[in-house]
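Novice:
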Amino acid sequence: MNYVVFESGSRAGLSAELFFEHYVNATGSKHQLFLSDLDEHFQNIEMRHPQVKHVHDSAVTKMLVDGNAVIFPADELTRQCNPSMTEVASRHRFSRIESWYYHKNQVNNYLSPLTKACKIQVPVTFSTTDVCIRPNSRSAGSRNVQLLENACVTQKIDIAHEFVADVLRYDDNKMYIFPREVTLKNGYDRFIKLLPMDGELASALKEFILTSCPKNDGLFSDIFQLQLCQDASGQYYYIEFSKRISGTACVNIVSGMNPFALLDGIDLDINTNMIDGKWRRFEDLLTMLK
């Protein structure tokens, strides 16, 4: 099987490459991974593994259209913005997306009534997407007024803790949830604490997923990630999800996560030794990968 990753200069591209290397080295698989990025410098980066190739977007596009490769779900924008790649992605269940998955307002209002009894709550989300936001008091003229189009407006959460969870779902009931608490810098994990796969958050996530998506099909299926937060009172809130691995999903390799195993129908060899309640830098976890 040939797999393609777009936007491979990102952390998600690095995660996909590391997952692939670990899987091939562990199983002897003959799969090949083709990494592509629009930045011309990417093609000049030295390849780390003989079964990993750095190629131009046009080359992988032809491979995909001709049916000689499939899209691995690591990209954020290509499947959304390129109609031909959306069509190619639709041929395989693990890369298939619907346009409404990326409409935050629609997703929130879909999930909210389904999960109202869950431990994880969806923030109150306003149905209007073209909004005028203005101060509720002490307003002078048009000061601090914001006019926004196509915006998702939700209640403000007093965030005390932030979390990311990568999920590999094998069937309707069987899934592996890899949660971590994070502190963020420029949208990426800076410090990370791996959390128990059978702990409080993982349990709440499983309830949230199965309640809103009982079948392994659609929104929360196969390979996806969720971002959550917790306020000072301990209440968990859903923030958003993506139908792909998270950018820094590779930190979960130390726990046994590997989406290529899921794609081949092979069960995971879970390792809980690293789930010790310690904070680590993202880079520290990278140095632990073998």
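Numbers in our numbering are just positions in the sequence shown, counted from 1, shifted up by 1. Beta carbons: idealized from backbone N, C-alpha and C, even for Gly.
Between the Cα of Gly200 and those of Thr212, Ile193 and Arg181, spot the shortest distance and give me the residue it belongs to.
Specialist: Sequence index remark: in the sequence shown, residue 200 carries index 199 (1-based). Comparing Cα-Cα distances from Gly200 to each of Thr212, Ile193 and Arg181, the minimum goes to Arg181.
Novice: Could you say which of Thr155, Ile134, Leu195 and Gln226 lies nearest to Arg170 if we only look at CA atoms?
Specialist: One-based indexing of the sequence shown puts residue 170 at position 169. Among Thr155, Ile134, Leu195 and Gln226, the Cα nearest to that of Arg170 belongs to Gln226.
Novice: Within the same chain, show all residues whose beta-carbon is closer than 6 Å to that of Trp280, passing over the 5 residues directly before and after it, in chain order.
Specialist: One-based indexing of the sequence shown puts residue 280 at position 279. Excluding positions up to five away in sequence, the list reads Phe192 and Lys194.
Novice: Give me the residue from His93, Pro260 and Val146 with the minimum Cα distance to Val168.
Specialist: As a working note, residue 168 is residue 167 in the sequence shown. Cα-wise, what sits closest to Val168 is Pro260.
Novice: Arg282: buried (16+ other C-beta within 10 angstroms of its C-beta) or exposed?
Specialist: Position 281 of the sequence shown holds residue 282. Flag for Arg282 reads exposed.
Novice: So, is Leu78 buried or exposed, given that buried needs 16 or more other C-beta atoms within 10 angstroms?
Specialist: Numbered from its first residue, the sequence shown carries residue 78 at position 77. Exposed, since its Cβ has fewer than 16 Cβ neighbours within 10 Å.
Novice: From which residue to which residue does the alpha helix (DSSP H) around Gln107 run?
Specialist: In the sequence shown, residue 107 corresponds to position 106, counting from 1. Element bounds for Gln107: Lys105 to Leu115.
Novice: Identify the residues that DSSP records as bridge partners of Ala324: which are they?
Specialist: Nothing about residue 324 can be read from this structure; the chain reaches only from 2 to 291.
Novice: When the distance is taken between beta carbons, is Ile160 closer than 8 Å to Asp232?
Specialist: Numbered from 1 along the sequence shown, position 231 holds the residue referred to as residue 232. Numbered from 1 along the sequence shown, position 159 holds the residue referred to as residue 160. Yes, the Cβ-Cβ distance between Asp232 and Ile160 is below 8 Å.
Novice: Would you kindly check if the distance between the Cβ of Ala75 and the Cβ of Ser16 is under 8 Å?
Specialist: Within the sequence shown, the letter at position 15 stands for residue 16. Within the sequence shown, the letter at position 74 stands for residue 75. It is a contact, given that the beta carbons lie within the stated cut-off.
Novice: Throw me the rounded Cβ distance for the Asp173 and Phe95 pair, which I believe falls under 8 Å.
Specialist: Taking the first residue of the sequence shown as position 1, residue 173 is located at position 172. Taking the first residue of the sequence shown as position 1, residue 95 is located at position 94. The pair is not a contact, with the Cβ atoms about 15 Å apart (cut-off 8 Å).
Novice: Based on DSSP bridge pairs, tell me the residues matched to Thr155.
Specialist: Within the sequence shown, residue 155 is the residue found at index 154, counting from 1. Beta-bridge pairing links Thr155 to Thr126.
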